[in-house]
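All remarks here apply to the structure that follows.
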Amino acid sequence: MDAFLNGFAVVAQPDTLLYCLIGVLIGMLIGVLPGLGPAATMAILLPIVVSIGDPISGVVMMAGVYYGAQYGGTITSVLLRLPGEASSVVTVFDGFALAKQGKAGTALGIAAIGSFVGATVSIILLSLSAPLVAGWAVDFGPPEYAALALLGVLLVSTIGSGHPIKALIAASIGLLLATVGRDQFSGAERYTFGSLELSQGIDFVVVAMGLFGVSEILHNLEERHGKPHVPATVADIWPSRADLKVAAPAIGRGTGIGFFLGVLPGGGAVMSSLAAYATEKRISKTPEEFGRGSIKGVAAPETANNAAATSSFIPLLTLGIPANASMAMLFAALLVLGITPSPALVDENPDLFWGVVNSMYVGNVILLLLSIPLVGIFVRILRVRPAILAPITALITILGAYTLNNSTFDVFLMIAFGVIGYLMKKGGFEPGPMVLAFVLGAILENNVRRSLIIYDGDPTGFVKDPISGTILAAFVLVAAWPVAKTLLDRRRAPATTTPDRDHAGV
Amino acid sequence: MSDERTARGGPDILDEIEAEVAETLSEDDLPPGGPVYQTVGALVALAIGIAGLVLALDYGLDGLRRPGPGLWPFVMSLVITVLSLVLLVVGRRLEDSVSFSRSSLLPAVGVLTFIGLGVLMPLIGFEIPSLVLCVIWLRFLGGESWRSTVLVSVGTVAVFYVLFLYGLSIPLPHLLAF
Numbered sequence: 001m002d003a004f005l006n007g008f009a010v011v012a013q014p015d016t017l018l019y020c021l022i023g024v025l026i027g028m029l030i031g032v033l034p035g036l037g038p039a040a041t042m043a044i045l046l047p048i049v050v051s052i053g054d055p056i057s058g059v060v061m062m063a064g065v066y067y068g069a070q071y072g073g074t075i076t077s078v079l080l081r082l083p084g085e086a087s088s089v090v091t092v093f094d095g096f097a098l099a100k101q102g103k104a105g106t107a108l109g110i111a112a113i114g115s116f117v118g119a120t121v122s123i124i125l126l127s128l129s130a131p132l133v134a135g136w137a138v139d140f141g142p143p144e145y146a147a148l149a150l151l152g153v154l155l156v157s158t159i160g161s162g163h164p165i166k167a168l169i170a171a172s173i174g175l176l177l178a179t180v181g182r183d184q185f186s187g188a189e190r191y192t193f194g195s196l197e198l199s200q201g202i203d204f205v206v207v208a209m210g211l212f213g214v215s216e217i218l219h220n221l222e223e224r225h226g227k228p229h230v231p232a233t234v235a236d237i238w239p240s241r242a243d244l245k246v247a248a249p250a251i252g253r254g255t256g257i258g259f260f261l262g263v264l265p266g267g268g269a270v271m272s273s274l275a276a277y278a279t280e281k282r283i284s285k286t287p288e289e290f291g292r293g294s295i296k297g298v299a300a301p302e303t304a305n306n307a308a309a310t311s312s313f314i315p316l317l318t319l320g321i322p323a324n325a326s327m328a329m330l331f332a333a334l335l336v337l338g339i340t341p342s343p344a345l346v347d348e349n350p351d352l353f354w355g356v357v358n359s360m361y362v363g364n365v366i367l368l369l370l371s372i373p374l375v376g377i378f379v380r381i382l383r384v385r386p387a388i389l390a391p392i393t394a395l396i397t398i399l400g401a402y403t404l405n406n407s408t409f410d411v412f413l414m415i416a417f418g419v420i421g422y423l424m425k426k427g428g429f430e431p432g433p434m435v436l437a438f439v440l441g442a443i444l445e446n447n448v449r450r451s452l453i454i455y456d457g458d459p460t461g462f463v464k465d466p467i468s469g470t471i472l473a474a475f476v477l478v479a480a481w482p483v484a485k486t487l488l489d490r491r492r493a494p495a496t497t498t499p500d501r502d503h504a505g506v
Numbered sequence: 001m002s003d004e005r006t007a008r009g010g011p012d013i014l015d016e017i018e019a020e021v022a023e024t025l026s027e028d029d030l031p032p033g034g035p036v037y038q039t040v041g042a043l044v045a046l047a048i049g050i051a052g053l054v055l056a057l058d059y060g061l062d063g064l065r066r067p068g069p070g071l072w073p074f075v076m077s078l079v080i081t082v083l084s085l086v087l088l089v090v091g092r093r094l095e096d097s098v099s100f101s102r103s104s105l106l107p108a109v110g111v112l113t114f115i116g117l118g119v120l121m122p123l124i125g126f127e128i129p130s131l132v133l134c135v136i137w138l139r140f141l142g143g144e145s146w147r148s149t150v151l152v153s154v155g156t157v158a159v160f161y162v163l164f165l166y167g168l169s170i171p172l173p174h175l176l177a178f
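Just so you know, the sequences run in chain order S and H.
Here my numbering is used: the first residue of the first sequence is 1, the next is one more, and so on.
Here my numbering is used: the first residue of the second sequence is 1, the next is one more, and so on.
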């Protein structure tokens, strides 16, 4: 309890508050502007986090970018039918329909209130459950970590968007890339091709900045559609009591769905907004309303994505396993600041742990206060042409990469990864699983090898150990799910011709 | 989840919404690339897998009791190789690739300006190359007017100068010293 209250003292420091404010503002901004997602923005900001120096401020800022983006993404979904964030895509259906009926303000107001409720309830649950999970996991040894990291990589690959086989290939290549450099056990050089720089290993900040940041910048350059968007005018943000009454149950359900899906690796904000919307439509007595301006259709996904954004901090802060690409960037930020996220974090570094958790209470209040009255300003920001922002982000990225080690080697390596990421998207491969697997790669390899030494070379040890055995059983279930689903679908519809999607599901 | 269907008895609602989402997102996108893109993608992955395998053998696998430096990369490369072969067979008709077009030249020019900045920055400082990058991106890649190009370029470089050298005290190579 003391540590918890101390956390607020940490947040109340002017420096931390300032970085929290900067973080949520940047988050909201990139949420509003279609193009860069939160993971890419966090990747680009990594060098700046390093130069801030203070781990708490840095991580508080990065966290703010992530949950701030969930608020911002709504605005463009409602006003422009252009989701600023992947997690606000379903909001487009009913949000834009409401905007066309002149109720854009109501949609935005409900979304902001739902977001705040979802996030805040989720933080309370996080504050209560995280120390318990961490306490339980603190005795984890190499086999448990190996199993957990493996499950994380698999879940991110199969649940996330994109074809599962392609995602698994990308993840495996990420794991392979993580082996570049000097082997920690034997000192042997692997995949370095005689390069001195490569023998130090590839810096994950460089990989993330390239695959997320540079590739998205290049992608946007190609996809850009010249003219600025002119959004509808917004009036009457405060929703009426009747609207709130309709939205309240959806907000409640969205919070629950978001919290639980957010904790799952690979779940996160995108998945939970879809699931919350689907649930509302499924249990509704009037499902035909959805897509034509249902308040519930805005409230549920917007609540769920914020609840999930918050709860996805749990696996990172308690187990040291990032649940999605944005959490992988936070993980990277902690590592470059010299802190390895693990179950011991809450005990060894209570200021950081509670500082970050409690900054989310503060950040969400700031976001609620900003998002309702400042909607007009954010709407005006939408008029800034993407062409003007592109070189600014490009410069931040390159100069940032240089400052990591004051070397142009990093810059060129980042550009190379940027081109790889761009080409991957062309071929239908998502770079997300590759980055996440790369970040987890060293943990996974080291723990597998340590476990094998502990088990004296007997790989069945992983299964015999109760905890890692359970985790691996979950692994098998996740791996088998797409196959089982395809078979089930085929049995359900034996008469219809099999569409391509079925092949894709295998 | 088995009995929860839509009123019309169609497929699962979640699948339906996901399809709708994909459609919303893809409206403005370039068309998919087709089987050639899929095959090339799978072949590149296959090549990475095989190269990884060959090199890993060189590093030494040893046994499970004392895993050698090559064992883990060998297993990963094996997974890549097998999955790429599967993808080569089942993935031909996927539609998740994005075709190249004339506007793919824009990112190509963008990459060249990135490389140029990387090469020139240690030699002549970051100011002039950054300015040139901004001008190319704004005027030629972005189609901005000369007026806004000049204003935004000079403004951006000036802000970055102050931000990096004074705000964050990061010693970027620079030409101007005050």
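All residues carry an ideal CB built from backbone N, CA and C; glycine is no exception.
- At a Cβ-Cβ threshold of 8 angstroms, H:Gly49 and S:Phe429 do not count as neighbours.
- Below the 7 angstroms Cβ cutoff, chain H contributes Tyr59, Pro69, Pro73 as neighbours of S:Arg190, in chain order.
- Here DSSP, grouped into helix, strand and coil, assigns S:Gly102 to coil.
- Segment contact: the region 35–48 of chain S against the region 206–223 of chain S, three or more CB-CB distances shorter than 8 angstroms; contact assigned.
- With a threshold of 8 angstroms between beta carbons, H:Tyr166 makes no contact with chain S.
- Only exposed fits S:Pro459, as fewer than 16 other CB atoms lie within 10 angstroms of its CB.
- The beta carbons of S:Ser186 and H:Pro69 sit about 5 angstroms from each other, so the pair counts as a contact at 8 angstroms.
- When the Cα atoms are used, S:Leu150 and S:Pro386 turn out to be separated by approximately 39 angstroms.
- If you draw a straight line from the Cα of S:Ile381 to the Cα of H:Phe164, it comes to about 25 angstroms.
- Per the C-alpha coordinates, the member of H:Leu168, H:Phe140, H:Arg102 positioned closest to S:Ile388 is H:Phe140.
- Going by beta carbons, S:Met434 and S:Gly174 fall inside the 8 angstroms limit.
- For chain S, the residues of the region 128–147 of chain H that bring a beta carbon within less than 9 angstroms of one of its beta carbons are Ser130, Leu133, Cys134, Val135, Ile136, Trp137, Leu138, Leu141, Gly142, Gly143, Glu144, in chain order.
- Of the other Cβ atoms in all chains shown, fewer than 16 fall within 10 Å of the Cβ of H:Val154; this residue is therefore exposed.
- As the crow flies, the alpha-carbon of S:Gln101 is around 11 angstroms from that of S:Ser294.
- For the region 454–474 of chain S, the set of residues with a beta-carbon nearer than 9 angstroms to any beta-carbon of chain H comprises Tyr455, Asp456, Gly457, Asp458, Pro459, in chain order.
- Scanning its chain for C-beta atoms nearer than 6 angstroms, with the 5 sequence neighbours on each side dropped, one finds around S:Pro47 the residues Gly400, Thr403, Leu404, in chain order.
- Taken in chain order, the members of the region 75–86 of chain H whose beta-carbon sits within less than 7 angstroms of a beta-carbon on chain S are Met76, Ser77, Val79, Ile80, Leu83, Ser84, Val86.
- Taking a contact as a CB-CB distance under 8 angstroms, the pair H:Leu83 and S:Ser172 counts as one, their CB atoms being some 7 angstroms apart.
- Beyond the five residues adjoining it in sequence on each side, H:Gly110 comes within less than 8 angstroms, by CB distance, of Trp137, Leu141 in the same chain, given in chain order.
- For S:Glu430, the three-state secondary structure derived from DSSP is coil.
- When the Cα atoms are used, S:Gly252 and S:Ala130 turn out to be separated by approximately 21 angstroms.
- Within chain S, no C-beta atom comes nearer than 9 angstroms to that of H:Gly125; the closest sits roughly 12 angstroms away.
- Fewer than three beta-carbon pairs drawn from the region 441–450 of chain S and the region 53–60 of chain H are found closer than 8 angstroms, and the two stretches are therefore not classed as touching.
- Under the three-state reduction of DSSP output, S:Asp243 falls in the helix class.
- Interface annotation, H:Val36: not in contact with chain S, CB-CB separation never under 8 angstroms.
- Of the residues assessed, S:Glu288 falls on the exposed side of the cut-off, its CB having fewer than 16 other CB atoms within 10 angstroms.
- Using a CB distance cut-off of 8 angstroms, H:Ile115 counts as an interface residue toward chain S.
- S:Val362 is a Cβ neighbour of S:Val11, given a cutoff of 8 angstroms.
- Nearest to S:Gly37 by alpha-carbon distance, out of S:Val59, S:Ile56, S:Tyr67, is S:Tyr67.
- Uninterrupted alpha helix (DSSP H) stretches at least 4 residues long and entirely within the region 35–59 of chain S occur at 38–52, given in chain order.
- As DSSP reads the structure, H:Pro67 sits in a beta bridge with H:Asp62.
- For S:Phe429, the neighbours in chain H by C-beta distance under 7 angstroms run, in chain order, Gly41.
- Using a Cβ-Cβ cut-off of 8 angstroms, S:Ile202 does not count as an interface residue toward chain H, since no Cβ of chain H sits closer than that to its own.
- Measuring C-alpha to C-alpha distances from S:Gly181 to each of S:Glu197, S:Ile56, S:Ala170 identifies S:Glu197 as the nearest.
- The secondary-structure analysis by DSSP pairs S:Glu189 across a beta bridge with S:Arg182.
- Rounded to the nearest angstrom, the Cβ distance from S:Ile339 to S:Asn349 is 6 angstroms, consistent with a contact under 8 angstroms.
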